[in-house]
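Chemist: Chains A and B supply the protein sequences, listed in that same order.
Residue numbers for the first sequence follow this note's numbering, so the first one is 2 and each next one is one higher.
Residue numbers for the second sequence follow this note's numbering, so the first one is 45 and each next one is one higher.
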Amino acid sequence: MRQSTFNNKFLPYILLLPTMFILVVFLFYPAIETFRLSFFKVHPWTGATRFAGFYNFIKIFSNPEYLHSFVLSAMFAFAVIGLGLFFSLLIAILLNQKIAGIRFYRTFLIWPYALSPAIAGALFNFLFNPANGVLCYFTGYRSWLTDGRTAILVVIIAAVWKNLGYNVIFYLTALRNVPQAALESASIDGAGAIKRFFYITFAFLSPTSFFLFVMNTTYAYFATFGLIDVLTEGGPAGSTRILIYHLYKDFFVHSKTGYAAAESLVLFTLVVGITFLQFQTSEKKVHYQ
Amino acid sequence: MKQVKMAVMMLIITVVLPFAVFANGGVDVDESATASIEFWHAMSGERIDLIQSFVDKFVAENPNIAVDVQYTGSYNDTLNKVKSAYKAGNAPDVFHSYEIGTLGLINSGIISPLDEMADKYKKDIPWNDFFTPVQSYYKYQGSHYSMPFNSSTPLVYYNKTFFEEAGLDPENPPKTYKGIREAALKLRAAGHETPVTWNLHSWYFEEMICLQDEPFVNSDNGRGSELPTKVAFNSAAGQKVLEWWVGMEKEGLFLDVGPGWANHRAAFGSGEAAIIMSSSSDVNRLTAALAEKGWEMGTGYIPRPEGAKGGVAIGGGSLWMTNNHSNEEELAALKLISFISEDESQIAWHKGTGYFPVRKTAMDQLKKEGWFEENPNYLTAFNQLLDSPESLNTAGGLLGIFPEARELIQSAIQEMYAGKPVKKALDEAAAKANASIEEWNDIMQ
Chain A
2 MRQSTFNNKF LPYILLLPTM FILVVFLFYP AIETFRLSFF KVHPWTGATR
52 FAGFYNFIKI FSNPEYLHSF VLSAMFAFAV IGLGLFFSLL IAILLNQKIA
102 GIRFYRTFLI WPYALSPAIA GALFNFLFNP ANGVLCYFTG YRSWLTDGRT
152 AILVVIIAAV WKNLGYNVIF YLTALRNVPQ AALESASIDG AGAIKRFFYI
202 TFAFLSPTSF FLFVMNTTYA YFATFGLIDV LTEGGPAGST RILIYHLYKD
252 FFVHSKTGYA AAESLVLFTL VVGITFLQFQ TSEKKVHYQ
Chain B
45 MKQVKMAVMM LIITVVLPFA VFANGGVDVD ESATASIEFW HAMSGERIDL
95 IQSFVDKFVA ENPNIAVDVQ YTGSYNDTLN KVKSAYKAGN APDVFHSYEI
145 GTLGLINSGI ISPLDEMADK YKKDIPWNDF FTPVQSYYKY QGSHYSMPFN
195 SSTPLVYYNK TFFEEAGLDP ENPPKTYKGI REAALKLRAA GHETPVTWNL
245 HSWYFEEMIC LQDEPFVNSD NGRGSELPTK VAFNSAAGQK VLEWWVGMEK
295 EGLFLDVGPG WANHRAAFGS GEAAIIMSSS SDVNRLTAAL AEKGWEMGTG
345 YIPRPEGAKG GVAIGGGSLW MTNNHSNEEE LAALKLISFI SEDESQIAWH
395 KGTGYFPVRK TAMDQLKKEG WFEENPNYLT AFNQLLDSPE SLNTAGGLLG
445 IFPEARELIQ SAIQEMYAGK PVKKALDEAA AKANASIEEW NDIMQ
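Printed below as a string of structure tokens:
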């Protein structure tokens with residue numbers, strides 16, 4: 002194959018310009034501005050600023066509700082990632098069989114991913130809302146969303162369900178790329194189905210699992226906002242108020258721009274940190290082909 | 045006689061007119077100069093078309109003015125958009141805010157106070173024609189900052205058919221805490237498991253403090269010369285409200301349907317609940333929902349403890365003008381919000397939505413038409429409002445961090461449902477609110 006060459010030195014930069022422009026305006030500038038504002042007290046209306054040092058950080062970390070939200074988010078993310086990856090792998094394995102109508106099932110199982118979080122929230126609200134939720138009627142239990150202990154469960158289930166399609170697609174593709182030769186030779190060596198799965202399939206799936214872990218962490222921390230807003234508004238009594246929801250309230254409802262900027266920096270650091278840590282520890286265990 | 049009349053006229057012309065023209069030092073703007081203004085509001089659904097129709101009429105009467113009217117989401121969304129737009133230098137000339145944003149906006153530095161604008165452009169706003177509760181809510185230290193637009197109060201709605209079946213008087217709804225609880229017990233005995241409900245909203249709590257003629261915050265309920273520094277809602281009055289409210293939930297008489305405005309309406313419409321509280325602007329909607337099932341609906345005043353002497357405060361929203369616009373635009377904006385507060389728009393608004401008309405003349409006209417004979421439930425809401433004595437407490441509390449205070453109260457009520465003692469939860473909410481007030485007062489300086 003012959004590669005085309007560009008002799009113009011400036012052409013690449015010109016071609017990159019639109020992308021860079023978008024990135025600067027919508028990503029870099031807001032990020033830098035957020036970083037800056039986290040060290041200021043900000044007037045809620047005019048945006049006038051007053052330097053405050055680490056005031057915002059000290060305040061948010063001495064707020065027990067924020068700390069609760071911090072722990073809650075970690076638990077929530079753990080549950081969403083754990084259950085999400087487990088069930089999607091399970092479903093992907095089932096979908097990887099040769100049975101009649103498999104294309105049909107595949108399409109339907111991937112469907113939830115096409116929904117926006119707010120719509121997914123509305124669907125679960127239809128099932129669980131205390132006034133006329135379908136499942137409230139069938140279970141005879143009204144307080145799914147108004148009792149803190151069950152509300153977090155509903156939110157976790159909804160979040161897992163919503164992202165199932167995404168995870169399944171990736172696992173399904175990965176499963177198809179597991180070399181049959183390796184599986185065959187293992188079975189000749191006397192490995193049973195379970196051993197084959199854990200030693201061969203699982204190992205070949207590890208890059209995908211790693212990728213999905215990172216994506217699901219971001220999903221659990223950031224993209225579940227709409228679900229929570231529709232289902233519980235962070236309640237009852239803060240039992241579903243994860244960090245992103247706390248941030249939303251502080252900025253959009255309470256107009257505490259300084260706090261919100263600091264919280265957003267914390268959230269950013271947290272997710273980058275988790276991903277970095279994950280790269281450090283799992284890199285060795287991940288087998289790329 | 046004629047000479048006397050003439051003399052009086054002359055006196056008026058020579059003595060009063062010069063004051064009217066020169067005393068207020070207004071500016072002269074060509075009334076017919078062209079202007080183009082933006083108006084952002086927070087009313088969704090069919091209300092978008094209704095507001096558009098007011099604006100269309102206004103433009104037809106003022107062909108030199110062009111109005112771009114936009115629905116910008118909830119009150120909260122609208123305020124956030126106004127904030128961003130203001131920082132970017134293209135704030136709308138007129139925007140719509142909820143009542144609890146009032147003190148924040150007065151201190152925001154982004155608005156033009158209404159009375160100042162009216163003086164500047166020599167437009168007379170007939171404040172005496174506005175209902176007293178409406179005026180007293182929006183008047184802050186003697187002057188008006190925004191134009192009252194959509195006003196409502198909470199109201200009790202009950203299912204007359206169920207009342208009759210349970211042996212309760214369908215024409216005489218309970219008016220006290222004890223009364224509601226006793227009615228609920230009878231309804232339960234008649235087979236309605238959880239007969240009472242309303243949505244988790246701090247508004248009811250605030251109004252039920254007004255009903256006891258107690259303040260929500262200090263500094264004359266937020267209306268004094270100093271900004272409020274502490275909330276007062278954890279008083280005995282506040283506790284009394286929640287001991288009763290949460291008590292009914294504990295007894296299983298009250299169904300907790302969570303926040304939002306859909307669930308309690310649904311529970312009432314399906315016959316699950318026989319007594320609810322909701323906004324007075326729900327009359328149309330709820331009457332229709334019950335009629336569909338062949339049930340009759342009644343309305344009553346929101347309940348109070350025995351002997352309490354207060355009244356309800358007005359809720360809803362008002363129209364604000366932002367600063368930094370040309371004289372022509374300001375005048376156009378002023379004319380627009382005046383037009384929307386006039387009888388014709390207010391009557392159409394009342395009929396189309398259920399919000400009160402804010403003006404007495406509009407009310408008189410509705411009475412003359414026989415509107416209230418056809419719609420007696422609207423009269424309940426009016427009477428409840430007009431029966432309210434005038435005081436700083438029934439005017440409604442003002443607080444810069446009101447939206448946050450609401451969140452704190454709602455969270456506290458959920459903690460009470462889960463078992464926390466009323467006083468403890470309220471005191472904790474108050475302490476958090478006070479800390480936020482201190483910060484707010486510091487930042488706003």
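Yeah, the Cβ is synthetic: ideal placement off N, Cα and C, and Gly gets one too.
Since we're looking at a predicted model, the values are computed, not measured.
With DSSP as the reference, label S480 (chain B) as helix, strand or coil.
Modeler: Helix.
Chemist: So with Cβ pairs under 7 Å, would you call E459 (chain B) a contact of chain C?
Modeler: Among the chains of the structure shown, chain C does not appear; the protein chains present are A and B.
Chemist: If you compare alpha carbons, which of B:P347, B:P107 and B:I487 is closest to Y202 (chain B)?
Modeler: For Y202 (chain B), the nearest C-alpha among the options comes from B:P347.
Chemist: By Cβ distance below 6 Å, which residues in the same chain neighbour G344 (chain B) in space, the five residues on each side in sequence not counted?
Modeler: Answer for G344 (chain B): V200 and P217, listed in chain order.
Chemist: Using the beta-carbon of each residue, which ones in chain B are nearer than 9 Å to W145 (chain A)?
Modeler: Those within 9 Å of W145 (chain A) in chain B number zero; the least Cβ separation is about 10 Å.
Chemist: Please name the residue in B:S88, B:E482, B:A479 and B:A449 whose C-alpha comes closest to that of I144 (chain B).
Modeler: Closest option to I144 (chain B), Cα to Cα, is B:A449.
Chemist: Three or more C-beta pairs closer than 8 Å, one from the stretch 229 to 243 of chain A and one from the stretch 443 to 459 of chain B: is that the case here?
Modeler: Counting Cβ pairs under 8 Å, three or more are found: they touch.
Chemist: For W162 (chain A), decide whether its Cβ has a neighbour in chain B, counting only Cβ atoms nearer than 7 Å.
Modeler: Taking Cβ atoms only, chain B never reaches closer than 7 Å to W162 (chain A), which makes this a no.
Chemist: With a threshold of 7 Å between beta-carbons, can E482 (chain B) be considered close to chain A, or not?
Modeler: Not closer than 7 Å to any Cβ of chain A, the Cβ of E482 (chain B) fails to qualify, so no.
Chemist: Which residue spans inside the stretch 95 to 175 of chain B form an unbroken beta strand (DSSP E) run of at least 3?
Modeler: Those beta strand (DSSP E) runs which fall completely within the stretch 95 to 175 of chain B and span 3+ residues are 109 to 115 and 138 to 142.
Chemist: Does A135 (chain B) pass the burial test, meaning 16 or more other C-beta atoms within 10 Å, or should it be called exposed?
Modeler: Under this definition A135 (chain B) is a buried residue.
Chemist: Run the CB neighbour count on T147 (chain A), radius 10 Å, all protein chains shown included, and call it buried at 16 or more, exposed below.
Modeler: When all chains shown are included, T147 (chain A) counts as buried.
Chemist: Pull up the distance between the alpha-carbon of R225 (chain B) and that of L297 (chain B), whole angstroms please.
Modeler: Answer to the nearest angstrom: the Cα atoms are 8 Å apart.
Chemist: Please list the terminal residues of the continuous beta strand (DSSP E) segment that includes M321 (chain B).
Modeler: It spans I319 to S323 - the beta strand (DSSP E) in which M321 (chain B) sits, taken as one unbroken run.
Chemist: Does R403 (chain B) come out as helix, strand or coil in the three-state DSSP assignment?
Modeler: Note: R403 (chain B) maps to strand in three-state DSSP.
Chemist: Closest to Q256 (chain B) by CA distance: which of B:L436, B:I92, B:E340 and B:V402 is it?
Modeler: Considering only alpha carbons, the answer is B:L436.
Chemist: Give me the residue from B:K395, B:T424 and B:G354 with the minimum Cα distance to S432 (chain B).
Modeler: For S432 (chain B), the nearest C-alpha among the options comes from B:G354.
Chemist: Under a three-way DSSP split, which group does E270 (chain B) fall into?
Modeler: In this structure, E270 (chain B) counts as coil in the three-state DSSP scheme.
Chemist: Helix, strand or coil for A462 (chain B)? Go by DSSP, reduced to three states.
Modeler: Note: A462 (chain B) maps to coil in three-state DSSP.
Chemist: Helix, strand or coil for Y184 (chain B)? Go by DSSP, reduced to three states.
Modeler: If DSSP states are grouped into helix, strand and coil, Y184 (chain B) belongs with the strands.
Chemist: Do L94 (chain B) and G361 (chain B) count as a contact pair if the criterion is CB distance below 7 Å?
Modeler: In this structure, L94 (chain B) does not lie closer than 7 Å to G361 (chain B) by Cβ.
Chemist: Excluding the 5 residues preceding and the 5 following T151 (chain A) in the sequence, name in chain order all residues of the same chain whose CB lies nearer than 6 Å to its CB.
Modeler: Within the same chain, T151 (chain A) has close Cβ partners W145.
Chemist: Near P157 (chain B), what residues of its chain come up, given a Cβ to Cβ distance below 6 Å and the 5 sequence neighbours on each side ignored?
Modeler: Here the set comprises Y189.
Chemist: What in chain A is Cβ-close to A135 (chain B), meaning under 7 Å?
Modeler: Per Cβ cutoff of 7 Å: no residues; A135 (chain B) is ~10 Å from chain A at best.
Chemist: Quick check on the burial criterion: 16 or more other C-beta atoms within 10 angstroms. Buried or exposed for F63 (chain B)?
Modeler: Because F63 (chain B) sits at a pLDDT of 43, beneath the cut-off of 50, its placement in the model cannot be relied upon, and the following sentence gives the value as read from the coordinates. The residue is exposed, with fewer than 16 neighbouring Cβ atoms inside 10 Å.
Chemist: Below 8 Å, how does it come out for the stretch 145 to 154 of chain B and the stretch 29 to 46 of chain A: are there three or more Cβ pairs, yes or no?
Modeler: Contact between the stretch 145 to 154 of chain B and the stretch 29 to 46 of chain A is present, because at least three Cβ pairs lie under 8 Å.
Chemist: Which bits of chain A does I487 (chain B) rub up against, with CB to CB less than 8 Å?
Modeler: Simply K42, V43, H44, P45 and R51.
Chemist: List, in chain order, every chain B residue whose beta-carbon is nearer than 8 Å to that of A194 (chain A).
Modeler: None at all; the shortest Cβ gap to chain B is about 47 Å.
Chemist: Quick check on K219 (chain B): does DSSP put it in helix, strand or coil?
Modeler: Reduced to three states, the DSSP call for K219 (chain B) is coil.
Chemist: With 7 Å as the threshold, decide whether the Cβ of A406 (chain B) is near any Cβ in chain A.
Modeler: No, its Cβ sits nowhere closer than 7 Å to a Cβ of chain A.
Chemist: What does a CB cutoff of less than 8 Å around I487 (chain B) pick up in its chain, not counting 5 residues either side in sequence?
Modeler: Excluding sequence neighbours, I487 (chain B) sits near nothing in its chain.
Chemist: Alpha carbons only, please: which of A:V215, A:F280 and A:Y172 is nearest the one belonging to F79 (chain A)?
Modeler: It is A:V215 whose Cα lies nearest to the Cα of F79 (chain A).
Chemist: Just to confirm before moving on: does the CB-CB distance between I92 (chain B) and Y119 (chain B) stay below 7 Å?
Modeler: In this structure, Y119 (chain B) does not lie closer than 7 Å to I92 (chain B) by Cβ.
Chemist: Pair every Cβ in the stretch 371 to 384 of chain B with every Cβ in the stretch 72 to 87 of chain B, then say whether three or more of these pairs are closer than 8 Å.
Modeler: A contact exists between the stretch 371 to 384 of chain B and the stretch 72 to 87 of chain B.
Chemist: Since M191 (chain B) is in the beta strand (DSSP E), which residue starts that stretch and which ends it?
Modeler: Looking at the DSSP string, the run of the beta strand (DSSP E) that includes M191 (chain B) is M191 to S196.
Chemist: One question on the structure: do N262 (chain B) and V301 (chain B) come within less than 7 Å of each other, judged by their Cβ atoms?
Modeler: It is not a contact, given that the beta carbons lie outside the stated cut-off.
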